[in-house]
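**Q** One structure follows; several queries about it will come next.
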Amino acid sequence: MNAKVEKIENNVVKLEITVDAQEFKGAMKKAFNKNAKKFNIPGFRKGKAPKNIIEKYYGNNVFYEDAINFCCDDTYPQALQENDVKPVDYPQIDIVQIEEGKDFIYTAKVTVVPEVKLGDYKGLEVKKNVYEVKDEEIDNELKAMQQKNARVETKEEGSIEKGNIAVVDFKGFVDNKAFEGGEGKDYELEIGSGTFIDNFEDQLVGLNKGDSKDVVVTFPEEYGKEELNGKEATFKVTVKDIKLKELPALDDEFAKEVSEFDTIDDLKADLKEKKWKKQMN
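Right under this line is the structure:
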């Protein structure tokens, strides 16, 4: 692992972290071992398909998310320690390069402890706040873990419904002209996630694999690109595939699969303790 630190402004720094190809290969293997038993590939017993077959069936990036998490969990704290960087919030992670067989490179932009000059603080009374972890916070963390470990498989029959993942090609036009950033290939869009603007996703409901449609939307007035603010756009969309997303039940089996604990109650207790310690530090 190699890290470069760049001071961006006042108390914000950006770390560029390079994970060598061999270490990233190991993370990919861990991601495969974690997820292999979830895949049901024709011609193989469930969980017995080799990595290359799963990647051919689901795409080369099927294990990237977990591999990225493994790499960042290992190398980000190490980069902080080696470069004496003291963060005060979560980092903004951006992927620079990811491809099996090559170095994995990412950046982490983070706010750090500002340099301050102490004034006269003796004799001051300080009130210590006691932080209480709410059940809602733990539920949200469990839901995030549930989404991360969802099983995705091809929908053999039927049209697009909310909650499905539509694999689409699209190209956007404003005033009959294509615009920068308005084109995508094999884009996986979860219907109902609110990822795309306006009612784009709603207009895909009911389409079948192979269908094409002109989707008309209006960009928000403050979209962020002046040339698109408030403009009506037409996206030519083709449905390449439809996938089902099956969320695992939040039970004891789930806890065993995603953690070191045997019950969901023990997992919740651990999440609560970690969250409390983090807030109190």
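Take the sequence shown: its position 42, counted from the start at 1, is 42 in the UniProt record's numbering, and no numbers get skipped. A virtual CB, placed ideally from N, CA and C, is assigned to each residue, including glycine. Since this is a predicted model, take the numbers as computed values, not measurements.
1) Which residues bound the beta strand (DSSP E) around Lys102?
2) Return the CA-CA distance between Glu180 and Phe170, expressed in angstroms with no decimal places.
3) Measuring straight from C-alpha to C-alpha, what distance separates Gly119 and Val126?
4) So, does the region 80-93 touch the region 33-43, judging by three or more C-beta pairs under 8 Å?
5) Indicate whether Asp94 and Tyr106 have their beta-carbon atoms separated by less than 8 Å.
6) What is the DSSP secondary structure of Thr238, reduced to helix, strand or coil?
7) If you compare alpha carbons, which of Glu16, Ile8, Arg45 and Val62 is closest to Met28?
8) Check whether the Cβ atoms of Gly206 and Ile138 lie closer than 8 Å to each other.
9) Helix, strand or coil for Tyr187, going by three-state DSSP, please let me know.
10) So if DSSP puts Arg151 in a beta bridge, which residue, or which two residues, is it bridged to?
11) Please work out which residues of its chain come closer than 8 Å, Cβ to Cβ, to Phe256, disregarding the five sequence neighbours upstream and downstream, and give them in chain order.
12) Which parts of the region 160-229 are runs of the beta strand (DSSP E), unbroken and 3 residues or longer, counting only runs that do not cross its ends?
13) Within the continuous beta strand (DSSP E) that includes Thr18, where are the two ends?
14) Taking Cβ positions, are Asn10 and Glu153 nearer each other than 8 Å?
15) Quick check on Asn83: does DSSP put it in helix, strand or coil?
16) Gly224: buried (16+ other C-beta within 10 angstroms of its C-beta) or exposed?
17) In terms of DSSP beta bridges, what is Asp94 paired with?
18) Can you check DSSP and say which residues form a bridge with Lys7?
19) Can you tell me where the alpha helix (DSSP H) with Ile54 in it begins and where it stops?
20) Specify the secondary structure class of Asn140 as computed by DSSP and reduced to three states.
21) Quick check: what's the CA-CA separation for Ser259 versus Asn164?
22) Considering only the beta carbon of each residue, do Lys7 and Leu15 sit closer than 8 Å?
23) Can you tell which of Ala233, Val19, Gly43 and Glu221 has its C-alpha closest to the C-alpha of Ala178?
24) So for Val112, helix, strand or coil by DSSP?
25) Write down the C-beta distance between Val19 and Asp135 rounded to the nearest angstrom, noting that I regard them as a contact closer than 8 Å.
26) What's the call for Gly101, buried or exposed, on a 16-neighbour Cβ count within 10 Å?
27) Can you give me the Cβ contacts of Glu141 inside the same chain, cut-off strictly under 8 Å, excluding the 5 residues immediately before and after it?
28) Can you name, in chain order, every residue of its own chain whose Cβ lies under 7 Å from the Cβ of Tyr64, other than the five neighbours on each side?
29) Apart from the five residues on each side of it in sequence, which residues of its chain come closer than 8 Å, Cβ to Cβ, to Thr195?
**A** Taking the geometry as given:
1) In the DSSP assignment, Lys102 falls outside any beta strand (DSSP E) and carries neither an H nor an E.
2) Rounded to the nearest angstrom, the two C-alpha atoms are 13 Å apart.
3) 15 Å
4) no
5) yes
6) strand
7) Val62
8) The Cβ-Cβ distance between Gly206 and Ile138 does not fall below 8 Å.
9) strand
10) Glu246
11) It is Lys, not Phe, that sits at residue 256 in the sequence shown. The answer, listed in chain order, is Asp262.
12) Within the region 160-229, the runs of beta strand (DSSP E) at least 3 residues long that lie entirely inside it are, in chain order, 165-174, 177-190 and 212-218.
13) Counting along the chain, the unbroken beta strand (DSSP E) around Thr18 starts and ends at Val12 to Val19.
14) Cβ distance not < 8 Å, so Asn10 and Glu153 don't count as in contact.
15) coil
16) exposed
17) Beta-bridge pairing links Asp94 to Thr107.
18) Val13
19) Lys51 to Tyr58
20) For Asn140, the secondary structure class from DSSP, reduced to helix, strand or coil, is helix.
21) 27 Å
22) no
23) Ala233
24) strand
25) Going by Cβ atoms, the distance from Val19 to Asp135 rounds to 37 Å, so no, they are not a contact pair.
26) Gly101 comes out exposed.
27) Leu271 and Lys275
28) Around Tyr64, the same chain offers Ile98 as residues with beta carbons nearer than 7 Å, after the five sequence neighbours per side are excluded.
29) Leu189 and Glu201
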